[in-house]
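The block underneath contains the structure these notes are about, expressed in structure tokens.
There are 2 protein chains.
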Amino acid sequence: MGRPREFEVDKAIEKATALFWRNGYDGTLLSDLTKKIGITPPSFYFAFGSKEGLFKRVIERYFAEQGETLEAACRELTARAVASRFLYGHADMFTDRSHAPGCLTMNSALPCAEGDPLRVWLAGLRERVRVRLRDRFAYAKDAGDLPGDADPDALARFVTITNWGMAVEAQSGASRKQLHQVVTLALATWPQAEGAGE
Amino acid sequence: MGRPREFEVDKAIEKATALFWRNGYDGTLLSDLTKKIGITPPSFYFAFGSKEGLFKRVIERYFAEQGETLEAACRELTARAVASRFLYGHADMFTDRSHAPGCLTMNSALPCAEGDPLRVWLAGLRERVRVRLRDRFAYAKDAGDLPGDADPDALARFVTITNWGMAVEAQSGASRKQLHQVVTLALATWPQAEGAGE
DNA sequence: GGGATTATATAGTGGCTAGTATAGAACATG
DNA sequence: CATGTTCTATACTAGCCACTATATAATCCC
Chain V
1 MGRPREFEVD KAIEKATALF WRNGYDGTLL SDLTKKIGIT PPSFYFAFGS KEGLFKRVIE
61 RYFAEQGETL EAACRELTAR AVASRFLYGH ADMFTDRSHA PGCLTMNSAL PCAEGDPLRV
121 WLAGLRERVR VRLRDRFAYA KDAGDLPGDA DPDALARFVT ITNWGMAVEA QSGASRKQLH
181 QVVTLALATW PQAEGAGE
Chain B
1001 MGRPREFEVD KAIEKATALF WRNGYDGTLL SDLTKKIGIT PPSFYFAFGS KEGLFKRVIE
1061 RYFAEQGETL EAACRELTAR AVASRFLYGH ADMFTDRSHA PGCLTMNSAL PCAEGDPLRV
1121 WLAGLRERVR VRLRDRFAYA KDAGDLPGDA DPDALARFVT ITNWGMAVEA QSGASRKQLH
1181 QVVTLALATW PQAEGAGE
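Chains as they are written, first to last, in our numbering: chain V, 1 to 198; chain B, 1001 to 1198.
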């Protein structure tokens, strides 16, 4: 009941995603958003509550998608294959020409002020990725897929650090091929359990 | 001649550095700067021209210092030692408690809008680091310190990506020890020329 | 001391941006 | 059609922030 929406919320979120990805949170003005979505400010506020409200929905959607990618990687049979799929996959994503280069969350809000709720929230989301990988590597170690002296926590940090670093280089123009070379180097001496093949 | 300054420019730049490092460019207000430095806006503008003017001096000073660190690393005898000194040194710097965690330039302005002169400028400064390392590794390859199939460009990207990634993790709270573990893992993959010891 | 120069302080202003007050249009249901 | 509800449009505002107009104070050189 009531007057029907004249725009689609999902489409609007996609358009907002593109803007935030390219120009960051502060760099994307409300007028940019309303113009791109094709609505006026009151409709915007009726639908999303605030600029930050829309941003949160954008990021939640992004992390939901990334979460699926992460889980798909974690379903690989070996720790090495998990890391490989995770890193090559993100190298491709960061350089996908259908959106701005790099990682949406890093492009959006890494330079927020310390203690800014947005920065804290994003750091928390990043940490969840690291923790998920750590748990997967700990499982791999228990399963004998990683050597007994392997450190799941350090390995997970190594993977995520490589990942965020790729996002930075991608933003400043690194190509898919260049990132792939780096992933190959990063995986070169992945610890192998005795007698385990990939 | 003329009335003497009642504050020291160098001290002012140091104080501004601390603020930008912690709260980013947009997150640092002019009033924060004048308050911390202890001057009024007219004195600020007389001395630095603009907020962006001061920011540029801050970044130039930072890169001058980082440039010395980089050159010191490049003076190491082997490519591996260069990478090792560069990465361990930055791991320490990113977690040095005398300033905000992470990298000043990444904390300051990674999320600028695409095409923003500040973002372009900072990307250029980062690239100079990568190019310097690449040249050093190319030299090492010529000198037989790296294997014939080593790729100096990819190695330099691997090192810088690890570095920017560490800066991100440091900003969200990773410890010096945790970063050191990652550096150790990253260097474990380092290619060795036949018969070359570290 | 007089004049030129350089720094400082008070007290603003102009512009920009997220967000709104008010009114009205398009639906559902009785 | 009447009425309540949900959305939209015009036009606006409140606040913030980088920056400045004006006047004054401290130095140097003659």
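The beta-carbon is built from N, C-alpha and C at its ideal position, and this holds for glycine as well.
Amino acids of chain B, ordered along the chain, whose beta-carbon sits closer than 7 Å to that of residue i
{"i": "F158/V", "result": "V1182, L1185 and A1186"}
{"i": "R126/V", "result": "S1172"}
{"i": "E60/V", "result": "Near E60/V there are no residues of chain B at all, since even the closest Cβ is about 18 Å away, more than 7 Å."}
{"i": "A123/V", "result": "S1172"}
Spatially closest choice to residue i from the options, by CA coordinates
{"i": "G163/V", "options": "A83/V, R57/V, D135/V and V120/V", "result": "According to the sequence provided, residue 163/V is Asn. The question's Gly does not apply to it. N163/V has its Cα closest to that of A83/V, out of A83/V, R57/V, D135/V and V120/V."}
{"i": "L179/V", "options": "P147/V, R57/V, Q66/V and A91/V", "result": "A91/V"}
{"i": "R22/V", "options": "W121/V, R5/V, R97/V and R126/V", "result": "R97/V"}
{"i": "R1003/B", "options": "E1052/B, T1034/B and F1046/B", "result": "F1046/B"}
{"i": "G1038/B", "options": "T1095/B, V1009/B and G1024/B", "result": "V1009/B"}
{"i": "L1122/B", "options": "R1134/B, C1103/B, D1135/B and T1078/B", "result": "C1103/B"}
{"i": "R1130/B", "options": "P1147/B, R1057/B, A1154/B and G1053/B", "result": "A1154/B"}
{"i": "T69/V", "options": "R157/V, R5/V, R132/V and G49/V", "result": "R132/V"}
{"i": "T17/V", "options": "E6/V, P152/V, I59/V and E52/V", "result": "I59/V"}
{"i": "A1150/B", "options": "D26/V, G27/V, A73/V and V182/V", "result": "V182/V"}
{"i": "G1024/B", "options": "F1044/B, A1138/B and E1052/B", "result": "E1052/B"}
{"i": "G1115/B", "options": "A138/V, G27/V and S50/V", "result": "G27/V"}
{"i": "Y139/V", "options": "R75/V, T105/V and G67/V", "result": "R75/V"}
{"i": "R1119/B", "options": "G1089/B, F1055/B and G1148/B", "result": "F1055/B"}
Partner residues on chain B for residue i, Cβ-Cβ distance less than 8 Å
{"i": "Q192/V", "result": "What Q192/V touches in chain B: nothing, since even the nearest Cβ is about 12 Å away."}
{"i": "T189/V", "result": "A1188 and T1189"}
{"i": "D151/V", "result": "Q1181"}
{"i": "G89/V", "result": "Near G89/V there are no residues of chain B at all, since even the closest Cβ is about 16 Å away, more than 8 Å."}
Alpha-carbon to alpha-carbon, residue j and residue i
{"i": "G144/V", "j": "K36/V", "result": "52 Å"}
{"i": "L29/V", "j": "P191/V", "result": "47 Å"}
{"i": "L33/V", "j": "K15/V", "result": "8 Å"}
{"i": "G1165/B", "j": "T1184/B", "result": "15 Å"}
{"i": "E127/V", "j": "T160/V", "result": "9 Å"}
{"i": "P42/V", "j": "S31/V", "result": "12 Å"}
{"i": "A1188/B", "j": "E1065/B", "result": "28 Å"}
{"i": "E1198/B", "j": "R1005/B", "result": "Below a pLDDT of 50, predicted positions are generally treated as unreliable, and E1198/B, at 42, falls in that range; no measurement from the model is reported."}
{"i": "L1125/B", "j": "E71/V", "result": "36 Å"}
{"i": "L19/V", "j": "A12/V", "result": "11 Å"}
{"i": "F1063/B", "j": "K1141/B", "result": "27 Å"}
{"i": "L1077/B", "j": "K177/V", "result": "30 Å"}
{"i": "T105/V", "j": "A1109/B", "result": "14 Å"}
Partners in chain V for residue i, counting only beta-carbon separations shorter than 8 Å
{"i": "W1164/B", "result": "W164, G165, V168 and E169"}
{"i": "Q1066/B", "result": "Simply none; closest approach about 16 Å."}
CB contact flag (residue i, residue j, <8 Å)
{"i": "S175/V", "j": "T95/V", "result": "yes"}
{"i": "R157/V", "j": "E1169/B", "result": "yes"}
{"i": "A186/V", "j": "L87/V", "result": "yes"}
{"i": "N1107/B", "j": "A1100/B", "result": "yes"}
{"i": "R1134/B", "j": "P1152/B", "result": "yes"}
{"i": "A1081/B", "j": "L1146/B", "result": "no"}
{"i": "A1073/B", "j": "R1061/B", "result": "no"}
{"i": "R1057/B", "j": "F1048/B", "result": "yes"}
Cross-chain neighbours of residue i in chain V, by beta carbon under 9 Å
{"i": "A1154/B", "result": "Q178, Q181, V182, T184 and L185"}
Chain-ordered chain V contacts of residue i [CB-CB under 7 Å]
{"i": "E1114/B", "result": "R22, N23 and A100"}
{"i": "G1148/B", "result": "Correct list: empty, because the minimum Cβ distance to chain V is about 16 Å."}
Closer than 7 Å: residue i CB and nearest the ligand COA heavy atom
{"i": "V183/V", "result": "This structure does not include the ligand COA; it has no bound ligands of any sort."}
Interface residues of chain B facing residue i [CB-CB closer than 9 Å]
{"i": "D92/V", "result": "Neighbours of D92/V on chain B: none; closest Cβ ~15 Å, over 9 Å."}
Handout entry: beta strand (DSSP E) segments (min. 3 residues) lying fully within the segment 65 to 108 of chain V
Key = none
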